[in-house]
Amino acid sequence: MTRARRRNALLVAVAVPLLLAAWARWAPMDPLFDPPYSTVLLDRNGELLGAMTAADGQWRMPPPDSLPERFVECLIAFEDRHFRWHPGVYPPALWRAWRQNRKAGRIVRGGSTITMQVARMAGDGGPRTYARKLGEVLLALRIELRCDKDSILRLYAAHAPFGGNVVGLDAAAWRWFGRDAGHLGWAELATLAVLPNAPARIHPGRGRSDLKAKRVRLLAHLWRTGAMDRHTWSLAVEEPLPEAPHALPMRAPHLLATLHAQGHAGRRVRTTIDGALQDRATALAARHARAWQANEVHNAAAMVMEVGTGAVRAYVGNLPHAAAAASVDIVQAPRSTGSLLKPFLHAARLEAGETTPDRLLADIPTRFAGFAPRNFHERFEGAVHAGTALARSLNVPAVRALQEHGTERALRGMRAMGLHHLDRPGHHYGLSLVLGGAESTLWELTGAYASMVRVLQAPGDPRTPPAVVHPPVVVPGPVKPTVSPYSAAAVHHTLLALRLPDRPDMQAGWEHFAGSRHIAWKTGTSYGHRDAWAIGMDSRHVAGVWAGNASGEGRPGLTGTMAAAPLLFELFAVLPAAPGFAVPHDALAPMAICRPSGHRAGPHCMPVDTLPVIARAERTPPCPYHRPILLNAAGTHRVRPGPGAVPAVRFVLPPAMAHYHGLAHGTHPPLPPWAEGICDDGPDAVIGPITPLPGALIQVPRLLDGTWGQVVLEAVHRMPGARLDWDLDGTWVGRTRGTHQLPTDLAVGPHLLTLTDEHGRSVRIPFRVLRADRTVP
């Protein structure tokens, strides 16, 4: 051969391998694996909460970030002892395989390295031929040039078959041994290392003795090479093979399904859930479920979250093993809110300067255009302090407050707190907004209450609403907080009210627990006893509970206080105690407050307390109830100004408030009567209309027989036994004494009602009548 030919041959011998290597390393290559993966749910420590099969029905978990070192030792020792230094192909093994196959006349040995096995797994299957083997060799070389050895091992461990519908080491560890691969022993890992070689033999009756023999040979090799001591080896070889697959943990099944549907399908999702707290919350819900089921209540949900970060620590989407609608994630299901929106209205009114924190509110029969709210206990308090009304969840004061504040205005604040399911205009909800006329989710409501507490923790000027509102966080990631509509001072007064122990139907002991643990809490019950709610807060955690039937069936006695609150407090009992809520001193101003009325003190109020109050309360009017009067020297009668008149001050409620306060709590001390021959009280001071109120719109319903129903007109008089004459549009329609109620037929249109007592004092009440389309029995 000439020198030129030798040179050309040498160039070809060098260039061809270089070109092949360059092609193998940098030429475009399709992804090796693109199968559907299982959705895997992990807690904040990486512990498994649950998983679901992949779209093709396989248990195939996403590739892990690392492998147990013992498994790596087992795998390399069994499959490919030269793995760490060969380039993806081990020619001596291929040569031995070719010789054995040729001698046997069929393929009895493959000679594949771990990398070649990865190449075969990445292929489309098919018969084992020499042409296919050549393709695996070329692909293995490409894999070795593109991946490091540890990455190749992870690819193998993620996609190797482990029997049945189990693919990959992680799924195999859980399905065959009920534990994470990192917690398996030598015998278990050795079993998994040899299993892909013959995955069908994991099942009873399918050559399991051969599988065990392979494991014994592997363990013996590991002992001889010093990977384990003799004692460990002797115990490992005696361990039995698994008999049947284990069910994977399902510690948060509804959260798993929800995240799967929300775009996390086929991913390994590390959440903020605290696995231990999740298990406790699930167990507590299951224990309470037994009592609820006696009342045919089959579903419930609970969640616990940290205030500061918004991280969800426990998520019970439904009762474990619920008999009805068990798959429904109640945490995300819109339900009637009951009374849970009342605290947001209370904070909004404080923020707007419409009220002092604890002013007296009227709790009397009230009708708004056919809507007549009633309290849960079916009675009226007459006059009640705002904080007590909120703590006891009285409906009438709340509706009157909403009518004064404005429904659309209240909705804007609630939406700003993250209650995005309140997506209808104000007229759609009307005044029933705070009585359960709207829907939201446990997720949104618990998050909104947490944002409220977070307002108190925000740095900066507490008089300025901070940007702290954001939804709960269950998958870690950046949050974009928005500005709270309520300042720290408004939240402070609202939480003070929610810490009051005076709650209806409160179970003995819980009020003391709530007080000692600095817990503010609110319950809610929807119309027809369909939804029972309880949400509680301390300075570090917020917990929310819902109980009811996912079908919407109501049950007698299903209330927030009796059903949901006991579970709420048991959740707090397993949480660490927290310090009290922060007090925003810089946002509060000392203010003279009338103790009996809770209003800003007027010139005649007594006693007066100087209290730290939200500064905007300066806008509110002074106390209207302390009234200066003149008495005779004996103090027994009121008199006109003149010699001997003695000035005095009395606390006087309006007639309607005084009447119902007397029915609920005993008669409020009346004003002394006028001296003989004097009658100087104005009509508004003694006659109180109830139905209708001035300017009211009354709807008259149609009865089943097609006729229009009557309206019961109602009023009160400060003097017991007083007489009232009723005049409608200039026509006398009746007279009442003592109890002032008068059933009357009313025509559609405007009317003027005049009430006159025996002393000639009269009040005029304009109102309007409509006829409702609905029919009532």
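Residues in the sequence shown are numbered from 270 upward in steps of one, following this note's numbering.
Backbone N, C-alpha and C fix where the C-beta goes; we use that ideal spot for every residue, glycine too.
- Does the distance from the CB of P522 to the CB of A555 come in under 8 Å? no
- According to the Cβ coordinates, are P897 and A870 closer than 8 Å? no
- Message: Taking 7 Å as the limit between beta carbons, can you name the residues of its chain near H355, skipping five residues before and five after?
- Response: T382
- Along the chain, where does the beta strand (DSSP E) that runs through G817 open and close? H810 to G817
- A429 to P509, Cα distance in whole Å? 22 Å
- Task: Could you tell me whether the region 976 to 983 touches the region 940 to 951, where touching means 3 or more Cβ pairs closer than 8 Å?
- Result: no
- Smallest Cα separation from R661: which of E673, F347, R768 and R493? R768
- Burial state of C863 (16 or more Cβ within 10 Å): buried
- Compare the beta carbon distance of L318 and G607 with 8 Å and say whether it is the shorter of the two. no
- Item | Status (buried if at least 16 other CB within 10 Å, exposed otherwise) for D334 | exposed
- Using CA coordinates, which residue listed in M683, G586 and A991 is at the minimum distance from H615? M683
- Would you identify the three-state DSSP class for Y359, choosing helix, strand or coil? coil
- Query: Where does W256 fall in DSSP's three states?
  - Reply: Only positions 270 to 1046 of the chain appear in the structure, and residue 256 is not among them; the question remains open.
- Message: Just to confirm before moving on: does the CB-CB distance between R628 and S795 stay below 8 Å?
- Response: no
- Item | Same chain, Cβ closer than 6 Å to A641, neighbours up to 5 away in sequence not counted | none
- Give the straight-line distance between the Cα atoms of R786 and W815, rounded to the nearest whole angstrom. 22 Å
- Buried/exposed call for Q531, threshold 16 Cβ in 10 Å: exposed
- Task: State buried or exposed for E647, treating a residue as buried only when at least 16 other CB atoms are found within 10 Å of its CB.
- Result: exposed
- With DSSP as the reference, label V377 as helix, strand or coil. Residue placement at V377 cannot be trusted, given a pLDDT of 47 that sits under 50; what the coordinates show is reported in the next sentence. Correct three-state label for V377: coil.
- Sorted by chain position, which residues of the same chain lie with C-beta nearer than 8 Å to L1039's C-beta, five sequence neighbours on each side aside? A638, G639, L966, I967, Q968, V969 and V1017
- Query: Among the residues of its own chain, which have a CB less than 7 Å from the CB of I421, if the five just before and after it don't count?
  - Reply: I383, T384, V387 and I412
- Task: Indicate whether R1006 and P952 have their beta-carbon atoms separated by less than 8 Å.
- Result: no
- Message: At the level of alpha carbons, what is the spacing between A812 and L414?
- Response: 53 Å
- Item | the region 899 to 913 / the region 876 to 884 touching (three or more Cβ pairs under 8 Å) | no
- Query: Closest to T960 by CA distance: which of A914, H1009, G990 and A917 is it?
  - Reply: H1009
- Task: Could you work out which residue in Y718, P626 and T271 is closest to E887 when comparing CA atoms only?
- Result: P626
- Given Y718, which residues of its chain have a CB within under 7 Å of its CB, disregarding the five upstream and five downstream residues? I804, M806 and V811
- Query: What's the C-alpha gap between F446 and A801?
  - Reply: 41 Å
- Which residues mark the beginning and the end of the alpha helix (DSSP H) in which I421 is found? K418 to H428
- Task: Using the Cα positions of H490 and A346, report the straight-line distance between them to the nearest angstrom.
- Result: 8 Å
- Could you check which residue in G935, A925, P734 and L857 has the C-alpha nearest to that of V955? A925
- Query: Can you tell which of Y584, W790 and P754 has the C-alpha that lies nearest to the C-alpha of P770?
  - Reply: W790
- How is K791 classed by DSSP in three states: helix, strand or coil? strand
- Query: So, helix, strand or coil for N568, using DSSP?
  - Reply: strand
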